[in-house]
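As given, the protein sequences belong to chains A and B, one line each in that order. The first sequence begins at 8 in our numbering and counts up by one. The second sequence begins at 71 in our numbering and counts up by one. Note that beta-carbon positions come from the ideal geometry of N, C-alpha and C, so glycine has one too. These notes concern the structure reproduced below.
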Amino acid sequence: MAAYAGRRLALGLVVVWGLTVVTFLLARVVPGDPAARWAGPHATAEEIERAREELGLDRPIWAQYGLYLAELARGDLGVSIRTHQPVRDDIRAFLPASLELTLAGMAIAVVLGVPLGVAAAVREGRWVDHLTRVLSVGGVSMPTFWLAMILQLVFFKELHLLPLSGRIDTMTPLIHPVRTITGSYLVDGLLAGDWPVVRDAAAHLALPAVTLSAYPMGLIVRMLRSSLIEVLGEDYVRTARAAGFAERVVVYRYALRNALAPALTVVALTFAYSLTGTFLIESVFDWPGLGAYAALAVLTNDYPAIVGVTIVVAVFYVGLNLAVDLAQAFLDPRVRKGVVR
Amino acid sequence: MTPSSAALRQSLRPRTAFGRLRRNRLAAAGAALFAVVLLLALFAPYVSPAPEDAASAVHPAEQLRPPSLAHPFGTDELGRDLFTRVAFGARISLLSGAVAVLAALAIGVPLGALAGYAGGFWDEVIMRFTDVVLSFPSLLLATAIAAMLGHDLANAVAAIALSWWPWYARLLRAQVVGLRQREFVEAARALGVPGWRIIWRHLLPNALAPVTVQASLDFGSVILTLSALGFLGIGAQPPQPEWGLLVSTGRNFFLTDWWYVTFPGLAILVTVGAFNLLGDGLREILDPKAGVRA
């Protein structure tokens, strides 16, 4: 296990180093002269020259890359062109709202996806299976930004059940001040036992979280269905059935446990994917998170912010990937012996 | 295996698989949906009520009309017929999607072939590089590249290709590694055939099938990504009737004029769904364990 973990960790480091190269290249493909952009539209030739020196752009490319690495190592992601704040501070300010949304979306995806996947596999070919397929194919085929608006039309405009957008009513924190602990209104409200805050926060969270859950839910259902069908055909499942175990025991105690592994991988990997998915829906719901920040950054050519968000989300993704691989190696000896995968 | 039996299997397999594909209901549904979209794209100028509305026409008297017989999908804020715009949008999505997938193949296939055939140092370098690119969530990388290249449709297509090719490099490498030790390749090498010719004449024709299948199924995801870039404002630009861009513009009116976002979004859903259904059907056929009742 230690040898496997060491190898996998080394590969992870190579990948992180590669990320710095790719993001450096990304920042370099920007059309036009970065020094001129930095100096502003009315800069003189001298000012542009000075900016070039300040930014280190007059040095050879490998030296620029070294400079970039040194800044990254200090956690310096540059200054946003749009907000004039360090990108690191911006990300720190916007990340909690996105994490809250992503976690809520993943929770919905797992809570709905796992039972649906099991039901579809156990009743393969019946109406449950067909209904589940419509849901899961729809979930992975639907543009999330479109689903967001359709849900707003139905639940806000037609049914008057849920608020249109935002994280919380402007009045709620004024009437019910709640101490910020986690940065999530829902969790902070729960910790304080303040029900009006919890209710309001949950109502605001519902539509964005359901929207975000559609894609991962579809993936989980599809993965789980196919892996469970495969496991249900295994000899040990037939043995368990022949031994007279109740079908419920066979499915849940024997088959599901082995079928869950691939689905868990999907869950972990779609987590980081969903964080990117927030790019598409946070602006629709006026959700003040990293996604809305990134969407504005790409629209306004805020290059440092774009690169900063890209690095942070990518490192997050690499970390999750690593965690999944290690967990699987821990659970399944065949993985660390290199027999499968 | 003798060459003749290999040739025989080559000639038999596609036909039987195609036969099974036709009988598979999922695949049939997917193919039917795709056919509808394809016909819409091909005959857009003939089936549209107002082909000139695909570009920047203005009809002040017809602004934001709900769906009717004259305008099946309603009209937009400039009075343009939305059915026309969605139909012409199908051309943009299908064509750009095809170009993006082909470009990704053009990058991934040679790299995968080289890595698989050469092995050793080049294999290591190329495959670690694909690992790095794959360690970005694909939508994130495509968004970042498209944002950096500048906002237009061609750049969005390039961004998708640049974030997509590692899948094909990986798949092709695996195929080539499997084929490299086979007798016909060793025979060619013993006869002194140069490496590039072995790759081109002997390895690629045998290795391309799974990559081609995968690429055609990825078409749906590519179109979905393209619409996302359009929605973010870094893909197609007005007055192009790209579906994601239509939904994005419609967002300004959607609470009062529901049809504006609804129909372009449905077009995306139907097109992407068609490919996902086809893919599911194909998997059921190719994997005998799936889809057979236990």
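The beta carbon of residue 227 of chain B does not come within 9 Å of any beta carbon belonging to chain A, so the residue lies off that interface. Here residue 150 of chain A is buried. Its C-beta has 16 or more other C-beta atoms within 10 Å.
For the stretch 229-251 of chain B, no residue has a beta-carbon sitting nearer than 7 Å to a beta-carbon of chain A. Along the stretch 122-150 of chain A, the positions whose C-beta sits under 8 Å from a C-beta of chain B are 131, 132, 140, 144, 145, 147, 148, 149, 150, read in chain order.
Counting C-beta pairs closer than 8 Å gives fewer than three between the stretch 272-279 of chain A and the stretch 152-166 of chain A, which falls short of the contact rule. Assignment of residue 145 of chain B by DSSP, reduced to helix, strand and coil, places it in the strand class. Annotated as proximal: residue 321 of chain A and residue 207 of chain B, with beta-carbon spacing under 9 Å. According to DSSP, residue 151 of chain B shares a beta bridge with B:145. Contact annotation for residue 205 of chain B against chain A: 22, 25, 26, 321, 324, 325, 328 [CB-CB distance below 8 Å, chain order].
Here residue 263 of chain B carries a coil assignment [DSSP, helix/strand/coil]. The alpha helix (DSSP H) runs lying completely inside the stretch 167-227 of chain B and spanning 4 residues or more are 190-204, 208-219, given in chain order. For residue 156 of chain A, the chain B residues whose C-beta falls within less than 7 Å of its own C-beta are 321, 324, 331, listed in chain order. The beta carbon of residue 304 of chain B falls within 9 Å of a beta carbon belonging to chain A, placing the residue at that interface.
If the five residues before and after residue 196 of chain B are omitted, its C-beta is found closer than 6 Å to the C-beta atoms of 181, 185, all from its own chain and listed in chain order. For residue 291 of chain A, the three-state secondary structure derived from DSSP is coil. Listed in chain order, the positions of the stretch 244-270 of chain A with a beta carbon within less than 9 Å of a beta carbon of chain B are 244, 245. When the five nearest sequence neighbours on each side are left out, the beta carbons in the same chain lying within less than 6 Å of the beta carbon of residue 272 of chain A are those of 331, in order along the chain.
Just measuring C-alpha positions, the residue of A:105, A:22, A:102, A:100 sitting nearest residue 204 of chain B is A:22. Contact of residue 328 of chain B with chain A is assigned, a C-beta pair being separated by under 9 Å.
Beta-bridge pairing by DSSP links residue 319 of chain A to no other residue. Nearest CB-CB separation between residue 296 of chain A and chain B: not below the 9 Å threshold. Between the alpha carbons of residue 217 of chain B and residue 224 of chain B lies a gap of roughly 12 Å. Residues are counted here when their Cβ sits less than 8 Å from a Cβ of chain A; for the stretch 193-217 of chain B these are 198, 199, 201, 202, 203, 205, 206, 207, 209, 210, 211, 213, 214, 215, 216, 217, given in chain order. Secondary structure note for residue 145 of chain A: its alpha helix (DSSP H) is the uninterrupted segment 134-148.
In terms of beta-carbon proximity, residue 153 of chain B stays away from the interface with chain A, with every pair separated by 9 Å or more. Within chain A, the residues 148 have their CB atoms less than 7 Å from the CB of residue 342 of chain B, given in chain order.
Chain A has a Cβ within less than 9 Å of the Cβ of residue 350 of chain B. Take the alpha-carbon of residue 214 of chain A and the one of residue 127 of chain A: they are about 26 Å apart. Take residue 352 of chain B, set aside five residues on each side of it, and no residue of its chain has a beta-carbon closer than 6 Å to its own.
Interface residue (Cβ-Cβ distance to chain B less than 9 Å): residue 233 of chain A is classified as such. Secondary structure note for residue 207 of chain A: its alpha helix (DSSP H) is the uninterrupted segment 202-239.
Taking a 10 Å sphere around the C-beta of residue 118 of chain A, we find fewer than 16 other C-beta atoms and assign the residue as exposed.
Two segments are said to touch when three or more pairs of C-beta atoms, one from each, lie closer than 8 Å; by this definition the stretch 106-125 of chain B touches the stretch 150-163 of chain B. Residues of chain B with a Cβ closer than 9 Å to the Cβ of residue 108 of chain A do not exist, since the nearest Cβ in that chain sits about 16 Å away. Under a criterion of Cβ atoms nearer than 7 Å, the residues of chain B adjacent to residue 305 of chain A are, in order, 213, 217, 302, 304. For chain A, none of the residues of the stretch 159-172 of chain B brings a beta carbon within less than 8 Å of one of its beta carbons.
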